[in-house]
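The structure under discussion appears below in the form of structure tokens.
Protein chains in written order, with this note's numbering: chain A, 1 to 387; chain B, 1001 to 1387.
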């Protein structure tokens, strides 16, 4: 397989972009990524766009074609991919594979979503499209409800406390303050989390990521198109994807998502590295408890220790297992289809040594994007190209 | 690149499947395809699912994960792809590329859609998600309206007559009578078409494909998994994809879709064959006039001659350019995401010599799937493996 490099990044802020459609944000992010890559846009052989609910919330599909045309690239294959909240990560993997397999020398992965124009009720209904609505959806389950159950199961199994879970929100909200792309950063204390509005017991408002608009884009190329013009190149060591049980009755427990475990194993095998080799992680903290479960599923610490690591500060930017220095979904927001590409953006900036919450000496980074009730997952491992 | 073979086919009927969700039909079609391929389902390394409007019409996304899990394959990468009416063709191409690039030895492409549970108004709104709704959609354009304009432009440029266009409907509706998967076959005469209900001048009801439910699936494998158990294998000579202008103001005229022209050129180049070498074609006749435009864009006859070829019977199953012997979208119906895979199904049966409207001695077949206002297109070229 051809080696694949990330040579251009673009992103809008994640937050509110009133009266805007997802592909408009996607075009903006893609133009920035193309400019940074320093290649003729005509080199792009294929576009993959991650998006989840533009049809439902905006009445607009064919986003990949709209973005290709908006970039002056009508003609090339342009595909929207969907795997609920993992849609962005899936777009990245497909763009990487297009170059890795030699069918083009450069490809573009874009993630985009707009949600803030809709009422919270409509957004909740749209997000529930990620459930099996013949089973889980019928019970009245929502995603805050699901992660409330996950929290209770984790607390029961491992004694994970409200204080430990709150430490995740405090860290990510604070990390977000320095990130210009994050709109929901905030200086909070653990008791602020517990005191925020109840959503789905034990989940409180500050345990939740926010409804957001946004887009992010990356250019991936073969080695001969790496210009080093604007930034050090970053090499893709793994771009893995997996799926999991479609409904919660298919899970053997609620303290782990098999899709993450399977996909992470695949990614570490592809890259030939172990969890302990990873310097910086951006993972899918759609709720504070999710960061704890995800980090254990990724093998970053033993099962049941995620809460302790968070409470002890080991997952902060200066800790030994830095997680979500960007602020994660909790502080950046979660414009669903954009999130997976946004994570790639953040980790690449870390590996370039240019992140606002820089992890000193980061050379190997990991992203983790999880969709639905653990039905879809991607894990990517990226490395500084001079490493 | 690894050579890729089609070794298993499955399809539901295209028509009405009341109170059914798209993935339920997809699982049914996929099971049939896996049984026919005669391989252990665990050999399937990846699933791509083509679907367009399940989110909008059914409130259900993550269809790829639901299908993977329904087949007992949770764990493998499962991706929904979308390019409006070309979604099925895009799923096929991605499954082919998964095997061609060597990342798995077998992959599954599924197309599925359910539409008949919704009112015609809701279906029309859902289909309009395939337009640029900042431009074309705002004008009040619908797809019958667009193809009415195309018809008028074609008639103006080439003198194409109502009688010639009606010949397409008559042929396809009659072809559909013999096809057990087609629910809208009918013995009609040209004057029946002109006498049917007006939809969008000059388009009449019998010029339109029908709102339908349905699913189709194909198993593609590397040569070492070709068992010849149930049926002669068919080799994939080309699986091309392209995009086109996002709105009609981007077209230089309304008598041709650049996405078809570009994608067909790519497919013929990949396969190393010319239009004249093709024995049988399944193309995107969403309206009778579309078959004429598509067949000219594919190079099957000179521009402006599509109407004449149809009226003279040259595109019938016994003609020199057999088009849509299945009945096409006009007689099978058009469960949007399923259509592109349904076309592969029909051409493979032709190449196996098992089609109800068999084209004698067919060895090389072509499928053409077109999305939106020509924004997405796929063209595949398939060959009998013993050819």
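All residues carry an ideal CB built from backbone N, CA and C; glycine is no exception.
**Study point:** Assigned secondary structure, residue 1291 of chain B (DSSP; H/G/I helix, E/B strand, else coil)
**Key:** helix
Review point. In terms of DSSP beta bridges, what is residue 1009 of chain B paired with?
Key: B:1218
Check your understanding: Is the beta carbon of residue 227 of chain A less than 9 Å from the beta carbon of residue 7 of chain A?
Key -> yes
Review point. Any idea which residues DSSP pairs residue 241 of chain A with across the strands?
Key: A:378
Practice item. Take residue 1345 of chain B and list the residues in its own chain whose beta-carbon comes closer than 6 Å to its own, dropping the five residues that flank it on each side. Key: 1009, 1011 and 1216
Point to revise | Local Cβ density within 10 Å of residue 176 of chain A, reported as buried at 16 or more and exposed below that | key: buried
Check your understanding: Hey, does residue 128 of chain A have any beta-carbon neighbour from chain B nearer than 9 Å?
Key -> yes
**Study point:** residue 1076 of chain B: contacting residues in chain A (beta-carbon distance under 8 Å)
**Key:** 242 and 243
Check your understanding: How about residue 375 of chain A and residue 130 of chain A: are their beta carbons less than 9 Å apart?
Key -> yes
Practice item. Could you check the C-alpha separation between residue 348 of chain A and residue 234 of chain A for me, to the nearest Å? Key: 7 Å
Point to revise | According to DSSP, residues forming a beta bridge with residue 47 of chain A | key: A:78 and A:108
Review point. Counting contacts by CB-CB distance shorter than 9 Å, is residue 1060 of chain B in contact with chain A?
Key: yes
Practice item. Determine the DSSP secondary structure at residue 1389 of chain B, reduced to helix, strand or coil. Key: Nothing about residue 1389 of chain B can be reported from this structure: the residues present for chain B run from 1001 to 1387 only.
Practice item. Could you tell me the distance, in whole angstroms, from the CA atom of residue 324 of chain A to the CA atom of residue 1091 of chain B? Key: 34 Å
Point to revise | Buried or exposed by the 16-neighbour rule on C-beta atoms within 10 Å, applied to residue 355 of chain A | key: buried
Practice item. Tell me where the beta strand (DSSP E) around residue 1039 of chain B begins and ends. Key: Careful: residue 1039 of chain B lies outside any beta strand (DSSP E) and carries neither H nor E.
Review point. What in chain C is Cβ-close to residue 1069 of chain B, meaning under 9 Å?
Key: Checking the listed chains, one finds no chain C in this structure; the protein chains it contains are A and B.
Check your understanding: Less than 8 Å between the CB of residue 168 of chain A and some heavy atom of the ligand SAH, yes or no?
Key -> In the structure on display, the ligand SAH does not appear, and there are no ligands present to speak of.
Check your understanding: Cα separation between residue 1027 of chain B and residue 1335 of chain B?
Key -> 15 Å
Exercise for review: Kindly indicate which residue of B:1060, B:1075, B:1149 and B:1120 has the alpha-carbon position closest to the one of residue 138 of chain A.
Suggested key: B:1060
Check your understanding: If you count every other CB in all the chains shown that lies within 10 Å of the CB of residue 191 of chain A, and 16 or more means buried, which is it?
Key -> exposed
Practice item. Determine, using beta carbons only, whether residue 240 of chain A and residue 266 of chain A come nearer to each other than 9 Å. Key: yes
Review point. Does any CB atom of chain A fall closer than 9 Å to the CB of residue 1079 of chain B?
Key: yes
Check your understanding: In or out: residue 282 of chain A buried (at least 16 other Cβ within 10 Å) or exposed?
Key -> buried
Review point. Is residue 369 of chain A helix, strand or coil by DSSP?
Key: strand
Review point. Should the region 1075-1091 of chain B be regarded as contacting the region 1298-1317 of chain B, the criterion being three or more beta carbon pairs within less than 8 Å?
Key: no
Check your understanding: Using the beta-carbon count (16 or more within 10 Å), is residue 1022 of chain B buried or exposed?
Key -> buried
Point to revise | Distance between beta carbons of residue 1255 of chain B and residue 1200 of chain B, contact taken as under 8 Å | key: Wrong, their Cβ atoms sit about 17 Å apart, outside the cutoff.
Review point. What are the boundary residues of the beta strand (DSSP E) that residue 281 of chain A is part of?
Key: 280-282
Review point. Are the Cβ atoms of residue 293 of chain A and residue 150 of chain A separated by less than 9 Å?
Key: yes
Review point. At what residues does the alpha helix (DSSP H) containing residue 338 of chain A begin and finish?
Key: 336-351
Review point. I think residue 246 of chain A touches residue 132 of chain A, with their Cβ atoms under 8 Å apart; what is that distance to the nearest whole Å?
Key: 5 Å
Point to revise | Coil, strand or helix - residue 1004 of chain B by DSSP | key: coil
Check your understanding: Where do the ends of the beta strand (DSSP E) carrying residue 1199 of chain B lie?
Key -> 1198-1200
Check your understanding: Counting along the chain, where does the alpha helix (DSSP H) carrying residue 1311 of chain B start and finish?
Key -> 1306-1311
Practice item. Let me know the alpha helix (DSSP H) ranges lying completely inside the region 1242-1271 of chain B, each 4 residues or longer, listed in chain order. Key: 1258-1271
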